[in-house]
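Residue numbers (our numbering): 410 to 729. Built from N, CA and C at the ideal position, the CB exists for glycine as well. Please read all numbers here as calculations on a predicted model, not as lab measurements. Below is one structure, written out as structure tokens, with a few remarks after it.
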Amino acid sequence: MSNFRVTSSGLNLRSFGEVTPDNIIAVLPQGQIVTRLGSETDSEKWWRVQTVVGENTLEGFVSKSYLSPLIELTEKVLWVVGYDDLDWFVDKAVKVKATAVAIRTSNDDLEQAISIFHSKAIKVYGWRWPLAQKKDSKATRKLGTQEEAARVVALIDKGLDGYYVDPECDNPADSNCWDKNGLETLAEEFCETITGKLAGKPFGTTSHFRGKATFGKLPWKTFFKFSNVFLPQAYWKASFGIIGSGKPDENYRRSLDMWETTGAPRDKIVPMAGELEFSTPAQIKEYAQEAQKQGVASLHFYTATKNVKSEVWDALAKLG
410 MSNFRVTSSG LNLRSFGEVT PDNIIAVLPQ GQIVTRLGSE TDSEKWWRVQ
460 TVVGENTLEG FVSKSYLSPL IELTEKVLWV VGYDDLDWFV DKAVKVKATA
510 VAIRTSNDDL EQAISIFHSK AIKVYGWRWP LAQKKDSKAT RKLGTQEEAA
560 RVVALIDKGL DGYYVDPECD NPADSNCWDK NGLETLAEEF CETITGKLAG
610 KPFGTTSHFR GKATFGKLPW KTFFKFSNVF LPQAYWKASF GIIGSGKPDE
660 NYRRSLDMWE TTGAPRDKIV PMAGELEFST PAQIKEYAQE AQKQGVASLH
710 FYTATKNVKS EVWDALAKLG
């Protein structure tokens with residue numbers, strides 16, 4: 410038996426392999442996963458399949474012309490904000506079989522982390538929500554765009570495999586609020602400096618999953634111009650409560666639509682899962698299944714903490 414996904418906007422599941430008005434069991438939506446049961450040859454038009462719709466397991470025949478083999482997972486990325494023990498984070502990344510990690514560039518041992526992860530064939534991406542100004546005027550640990558870009562360029566020389574910028578806004582009065590008019594030049598200089606050094610390696614933008622519907626003044630066009638991967642934060646729950654619908658599959662689909670509307674090319678949008686600390690194994694599975702339905706071969710998980718439940722780590726390890 411092998412699995413396929415429906416590629417048409419609606420595919421009739423029939424009780425036998427013939428088009429008649431009275432043999433339709435169900436209409437399967439685009440992205441629906443079906444399991445091939447029959448022994449028909451690949452050249453035959455009708456295949457016998459099984460699928461789950463709601464709580465019901467259905468069997469019938471579909472036209473194989475509207476089925477596509479499931480895509481293979483190409484990337485599993487584990488994100489982290491910070492840690493007090495690098496070995497702990499390395500162990501978790503290895504446990505979940507991550508192909509890459511995304512580490513906030515505020516971690517002082519990032520150069521060491523690059524070396525350790527590379528020895529385990531795991532790529533390392535940096536990420537940061539930089540200040541919306543060139544330099545930190547208040548001598549905090551936050552970095553302005555000029556300072557962050559310089560740090561990233563130095564890390565690329567040490568083997569950093571890519572970078573994700575995280576422009577957001579909690580409060581318009583904050584120095585890291587990017588939801589303001591007139592920040593296009595600042596964003597341009599920042600992105601140009603980093604991508605010039607990356608030379609084609611991944612450079613992505615991540616932010617609120619509703620895109621410009623949430624941050625209407627943010628210089629999306631500028632960030633997107635330099636990006637080759639687009640990462641809406643399609644989280645369903647965080648410390649402050651439910652996000653969006655609270656459902657991984659619905660938030661996933663909504664983020665695809667809203668980021669496409671914001672200006673991202675749909676085939677390069679990779680919605681993120683999270684937050685892991687507030688997730689269940691069932692939600693992790695639902696997120697991965699929706700990625701498969703949408704034909705997205707990359708999974709991103711935010712974020713590794715010591716409060717993530719052991720069963721959630723196990724669920725991540727089973728993916729791919």
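Candidates the options: which alpha carbon is nearest residue i's?
{"i": "aspartate 500", "options": "Gln555, Ser477, Lys529, Phe624", "result": "Lys529"}
{"i": "glutamine 439", "options": "Gly419, Thr450, Asn432", "result": "Gly419"}
{"i": "valine 717", "options": "Leu487, Glu449, Lys454, Thr429", "result": "Leu487"}
{"i": "threonine 514", "options": "Lys506, Gln441, Ala559", "result": "Ala559"}
{"i": "glycine 613", "options": "Trp538, Tyr573, Glu577, Gly729", "result": "Tyr573"}
{"i": "asparagine 585", "options": "Ile651, Leu552, His617, Gly568", "result": "Leu552"}
{"i": "serine 648", "options": "Asp493, Tyr711, Leu437", "result": "Tyr711"}
{"i": "asparagine 580", "options": "Leu627, Ala700, Ala563, Glu484", "result": "Leu627"}
{"i": "serine 654", "options": "Gln692, Trp538, Leu725", "result": "Gln692"}
Where does the unbroken beta strand (DSSP E) through residue i begin, and where does it stop?
{"i": "glutamine 703", "result": "Where glutamine 703 is concerned, there is no enclosing beta strand (DSSP E), given that its DSSP letter is neither H nor E."}
{"i": "arginine 445", "result": "442-445"}
{"i": "tryptophan 536", "result": "532-537"}
{"i": "lysine 485", "result": "484-489"}
{"i": "leucine 495", "result": "Segment 495-504 is the alpha helix (DSSP H) holding leucine 495; no beta strand (DSSP E) there."}
{"i": "asparagine 421", "result": "419-423"}
{"i": "tryptophan 455", "result": "455-462"}
{"i": "glycine 653", "result": "Note, glycine 653: premise wrong, no beta strand (DSSP E); not H, not E."}
{"i": "glutamine 439", "result": "Here glutamine 439 belongs to no beta strand (DSSP E), and DSSP marks it neither H nor E."}
{"i": "arginine 675", "result": "Here arginine 675 belongs to no beta strand (DSSP E), and DSSP marks it neither H nor E."}
{"i": "serine 477", "result": "476-478"}
If we ignore side chains and look at the alpha-carbon of each, how far apart do residue i and residue j end up?
{"i": "valine 489", "j": "alanine 713", "result": "5 angstroms"}
{"i": "proline 641", "j": "arginine 663", "result": "10 angstroms"}
{"i": "glutamate 427", "j": "threonine 444", "result": "19 angstroms"}
{"i": "isoleucine 525", "j": "tryptophan 722", "result": "21 angstroms"}
{"i": "lysine 504", "j": "alanine 622", "result": "37 angstroms"}
{"i": "threonine 689", "j": "lysine 646", "result": "10 angstroms"}
{"i": "threonine 602", "j": "serine 474", "result": "47 angstroms"}
{"i": "valine 510", "j": "lysine 589", "result": "31 angstroms"}
{"i": "lysine 656", "j": "glutamate 481", "result": "24 angstroms"}
{"i": "arginine 619", "j": "lysine 606", "result": "30 angstroms"}
{"i": "tyrosine 534", "j": "glutamate 464", "result": "40 angstroms"}
{"i": "aspartate 566", "j": "threonine 615", "result": "23 angstroms"}
{"i": "histidine 527", "j": "glutamine 521", "result": "10 angstroms"}
{"i": "methionine 410", "j": "threonine 508", "result": "28 angstroms"}
{"i": "tyrosine 644", "j": "asparagine 660", "result": "7 angstroms"}
{"i": "threonine 554", "j": "threonine 604", "result": "13 angstroms"}
Less than 8 angstroms between C-beta atoms, sequence neighbours within five positions excluded: which residues of the same chain meet that for residue i?
{"i": "leucine 467", "result": "Leu422, Ile434, Ala435, Gln459, Thr460, Val461"}
{"i": "histidine 617", "result": "Glu577, Thr623, Phe624, Pro641, Gln642"}
{"i": "leucine 564", "result": "Thr514, Leu519, Glu520, Ile523, Gly535"}
Which same chain residues end up closer than 7 angstroms to residue i when comparing Cβ atoms and leaving out the 5 residues on each side of it in sequence?
{"i": "lysine 610", "result": "Asp570, Gly571"}
{"i": "phenylalanine 413", "result": "Val443, Arg445, Leu476, Ser477, Pro478, Leu479"}
{"i": "leucine 665", "result": "Arg675, Ile678, Pro680, Gln703"}
{"i": "threonine 429", "result": "none"}
{"i": "alanine 608", "result": "none"}
{"i": "glycine 672", "result": "Trp629, Lys630, Phe633"}
{"i": "threonine 556", "result": "With the sequence shown as reference, residue 556 is identified as glutamate, and threonine is not the correct amino acid for it. For glutamate 556, where only same-chain residues beyond five positions count, the Cβ hits under 7 angstroms are Lys544, Asp545."}
Assuming residue i is part of the alpha helix (DSSP H), what are its boundary residues?
{"i": "arginine 662", "result": "657-671"}
{"i": "glutamate 598", "result": "593-607"}
{"i": "glutamate 720", "result": "719-727"}
{"i": "threonine 615", "result": "Threonine 615 -> not in any alpha helix (DSSP H); beta strand (DSSP E) instead, spanning 612-617."}
{"i": "isoleucine 525", "result": "519-528"}
{"i": "threonine 554", "result": "554-566"}
{"i": "phenylalanine 635", "result": "629-635"}
Using C-beta distances below 6 angstroms, list every residue in its chain close to residue i, excluding the 5 sequence neighbours before and after it, in chain order.
{"i": "threonine 416", "result": "Tyr475, Ser477"}
{"i": "arginine 457", "result": "Leu446, Gly447, Phe470"}
{"i": "glutamate 699", "result": "Asp658, Tyr661"}
Indicate, with yes or no, if the ligand MN has a heavy atom lying under 8 angstroms from the CB of residue i.
{"i": "glycine 491", "result": "The model depicted lacks the ligand MN and carries no ligand whatsoever."}
Measure from the C-beta of residue i to each C-beta in chain D and report whether the shortest distance is under 9 angstroms.
{"i": "leucine 479", "result": "Although the question refers to chain D, the structure presented lacks it and comprises just one protein chain."}
TODO: Specify whether the segment 584-597 and the segment 624-639 touch according to this definition: at least 3 beta carbon pairs, one from each stretch, less than 8 angstroms apart.
DONE: Flag = yes, the segment 584-597 and the segment 624-639 touch.
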